[in-house]
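K.L.:
Residue numbers (the UniProt record's numbering), protein chains in the order written: chain A, 1 to 100; chain B, 1 to 286. Built from N, CA and C at the ideal position, the CB exists for glycine as well. This is the structure I have questions about; it appears just below.
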């Protein structure tokens with residue numbers, strides 16, 4: 001486990017068991033193509049910044065959140081996009097983002 | 001100290017690639033970003049393996065810092081331009097660190113790696129060859145570093161600025177949400193701290209907001225200019241970002257970074273904690 005704030009490798013291959021973690025994860029796409037290198041932010045229900053990662057080459061991102069309504073927002077040279085997700089509790093909550 | 005003395009734009013950086021006496025350094029915790037492509041000529045500083053003591057929970061001492069910079073080919077009279085991922089969190093930490101050891105001319109690249117990439121500027125995988133130097137660090141400047149006892153004494157008397165996200169401040173999360181939720185033994189914040197997330201100081205592209213916008217952010221949050229200030233986060237890198245804003249951009253005179261931050265404070269026995277998300281579990285008693 002990391003002691004610091006650098007994000008772990010971003011991948012969609014989740015451990016079989018997310019344990020007690022509330023995970024918000026998904027893929028950034030432009031059309032049908034995954035977009036790597038996008039800056040993906042997790043915003044809380046008031047729109048406040050919570051965390052940011054860079055999507056993997058396959059467009060994947062992942063956050064360890066808490067219960068609540070979240071917005072994931074992606075920024076890339078090709079464009080931006082966002083999606084909302086309601087995380088009810090521990091487990092995987094998928095949220096894919098399409099770039100405009 | 002003006003903004004131009006401590007901050008450079010991506011345009012300036014591109015025009016000064018390879019300039020004499022200017023050294024670019026990328027600072028990251030995860031150095032795979034550097035290895036996958038970095039600004040031409042930039043050396044790599046590994047936050048974990050080069051800037052942190054391998055045994056004690058502390059950063060490296062004066063002699064080791066001198067050796068590190070010598071090995072990277074950085075001289076005392078070089079202008080060092082720091083940049084990195086994570087909205088410059090670790091670059092800001094390194095900036096604070098360079099100042100602590102008395103480097104004369106150090107600057108941050110406004111927006112860091114993110115702005116550089118969003119601008120579509122060039123990255124290279126080629127590592128620079130720099131000749132070894134004989135760097136000499138100064139004694140650490142303790143006026144910009146806060147330790148735990150000082151932080152406890154600052155409760156109710158100084159500005160304490162908790163720069164973590166609202167959910168970390170309230171005790172709902174123990175770590176930023178891109179990390180598994182682990183770290184300090186307790187959640188919450190230092191009593192009387194105000195919560196001004198580091199992100200309030202930055203635009204979405206990672207650049208700093210204008211001085212006017214920044215003054216408004218901290219003024220509205222209740223920061224009292226007449227008092228000394230201590231900034232903290234979880235491990236001291238996001239609070240370096242805010243330390244940079246308050247001291248280097250806004251010119252507040254007595255601002256310290258508490259690099260022990262919440263991982264230290266939230267694990268101390270007997271100190272007061274506010275945890276709004278779990279009011280019953282205050283650690284003040286027992």
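(1) Given a threshold of 16 other Cβ atoms within 10 Å of its Cβ, counted over all protein chains shown, does residue 229 of chain B qualify as buried or as exposed?
(2) So what's residue 43 of chain A in DSSP terms, helix, strand or just coil?
(3) Would you say residue 48 of chain A reaches chain B, if we count a Cβ-Cβ gap shorter than 7 angstroms as a contact?
(4) My understanding is that residue 231 of chain B touches residue 258 of chain B, with C-beta atoms under 8 angstroms, so please give their C-beta distance in whole angstroms.
(5) Return the chain-ordered list of same chain residues with a C-beta closer than 7 angstroms to the C-beta of residue 280 of chain B, the five sequence neighbours on each side being excluded.
(6) On the DSSP bridge list, what partners appear for residue 33 of chain A?
(7) Between which two residues does the beta strand (DSSP E) harbouring residue 72 of chain B extend?
(8) Would residue 85 of chain A count as contacting chain B if we go by Cβ distances under 7 angstroms?
(9) How should residue 202 of chain B be labelled, buried or exposed, when 16 other C-beta atoms within 10 angstroms of its C-beta is the threshold for buried?
(10) How would you list, in chain order, the residues of chain B whose beta-carbon sits under 8 angstroms from the beta-carbon of residue 52 of chain A?
(11) How about residue 304 of chain B and residue 248 of chain B: do their beta carbons lie closer than 7 angstroms?
(12) Would you grab the beta carbon distance between residue 154 of chain B and residue 85 of chain B for me? Rounded to a whole angstrom, and I think it's under 8 angstroms.
(13) Where do the N-terminal and C-terminal ends of the beta strand (DSSP E) with residue 229 of chain B fall, by residue?
(14) Nearest-angstrom Cα distance between residue 146 of chain B and residue 160 of chain B?
(15) Return the chain-ordered list of same chain residues with a C-beta closer than 6 angstroms to the C-beta of residue 18 of chain B, the five sequence neighbours on each side being excluded.
(16) First and last residue of the beta strand (DSSP E) that includes residue 151 of chain B?
(17) Kindly indicate which residue of B:261, B:170, B:44, B:114 has the alpha-carbon position closest to the one of residue 126 of chain B.
(18) Leaving aside the five residues before and after residue 25 of chain A along the sequence, list all residues of the same chain whose C-beta is less than 8 angstroms from its C-beta, in chain order.
(19) For the stretch 57-85 of chain A, list every residue whose C-beta sits within 7 angstroms of some C-beta in chain B, in sequence order.
(20) State whether the stretch 239-256 of chain B contacts the stretch 175-192 of chain B, with contact taken as three or more CB pairs (one from each stretch) at a distance under 8 angstroms.
P.N.:
In short:
(1) Locating residue 229 of chain B in the second chain gives position 229, where the first residue counts as 1. Burial call: buried.
(2) Looking up residue 43 of chain A in the first chain gives position 43. Looking at residue 43 of chain A - three-state DSSP - the assignment turns out to be strand.
(3) As a first step, residue 48 of chain A is located in the first chain; it is residue number 48 there, counting from the start. Yes, its Cβ sits closer than 7 angstroms to a Cβ of chain B.
(4) In the second chain, residue 231 of chain B corresponds to position 231, counting from 1. In the second chain, residue 258 of chain B corresponds to position 258, counting from 1. With a beta-carbon spacing of about 7 angstroms, residue 231 of chain B and residue 258 of chain B fall inside the 8 angstroms limit used to define contacts.
(5) For the purposes of this step, residue 280 of chain B is taken as residue 280 along the second chain, with counting starting at 1. Residue confidence is low: residue 280 of chain B scores 45 on pLDDT, short of 50, so the model does not pin down where it sits. No coordinate-derived value is stated.
(6) Along the first chain, read from residue 1 onward, the residue named residue 33 of chain A stands at position 33. Beta-bridge pairing links residue 33 of chain A to A:30.
(7) Looking up residue 72 of chain B in the second chain gives position 72. In this chain, residue 72 of chain B is not harboured by any beta strand (DSSP E); it is covered by the alpha helix (DSSP H) spanning 62-72.
(8) On the first chain, position 85 is the one that residue 85 of chain A refers to. Residue 85 of chain A does not count as touching chain B.
(9) Residue mapping note: residue 202 of chain B aligns to position 202 of the second chain, counting from 1. Per the 10 Å Cβ criterion, buried.
(10) Mapped onto the first chain, residue 52 of chain A falls at position 52. In chain order: 86, 87, 178.
(11) This structure gives no information on residue 304 of chain B, because the portion of chain B shown stretches from 1 to 286.
(12) Position 154 of the second chain, counted from the start, is the residue given in the question as residue 154 of chain B. Position 85 of the second chain, counted from the start, is the residue given in the question as residue 85 of chain B. The beta carbons of residue 154 of chain B and residue 85 of chain B sit about 31 angstroms from each other, so the pair does not count as a contact at 8 angstroms.
(13) As a working mapping, residue 229 of chain B is identified with position 229 in the second chain. Where residue 229 of chain B is concerned, the enclosing beta strand (DSSP E) stretches over 229-232.
(14) Taking the first residue of the second chain as 1, we reach residue 146 of chain B at position 146. Taking the first residue of the second chain as 1, we reach residue 160 of chain B at position 160. Annotation: residue 146 of chain B to residue 160 of chain B spans about 11 angstroms, alpha carbon to alpha carbon.
(15) To locate residue 18 of chain B, count along the second chain from 1; it is residue 18. If the five residues before and after residue 18 of chain B are omitted, its C-beta is found closer than 6 angstroms to the C-beta atoms of 41, all from its own chain and listed in chain order.
(16) Along the second chain, read from residue 1 onward, the residue named residue 151 of chain B stands at position 151. That residue, residue 151 of chain B, is in no beta strand (DSSP E); its alpha helix (DSSP H) goes 148-154.
(17) Locating residue 126 of chain B in the second chain gives position 126, where the first residue counts as 1. The shortest C-alpha to C-alpha distance from residue 126 of chain B to any of B:261, B:170, B:44, B:114 is the one to B:44.
(18) Indexing the first chain from 1 puts residue 25 of chain A at position 25. Counting only Cβ-Cβ distances below 8 angstroms, and skipping sequence neighbours, we find 12, 14, 60, 61, 62, 63, 92, 93, 94, 95.
(19) Cβ proximity to chain B below 7 angstroms picks out 63, 64, 65, 66, 75, 77 from the stretch 57-85 of chain A.
(20) Counting Cβ pairs under 8 angstroms, fewer than three are found: no touch.
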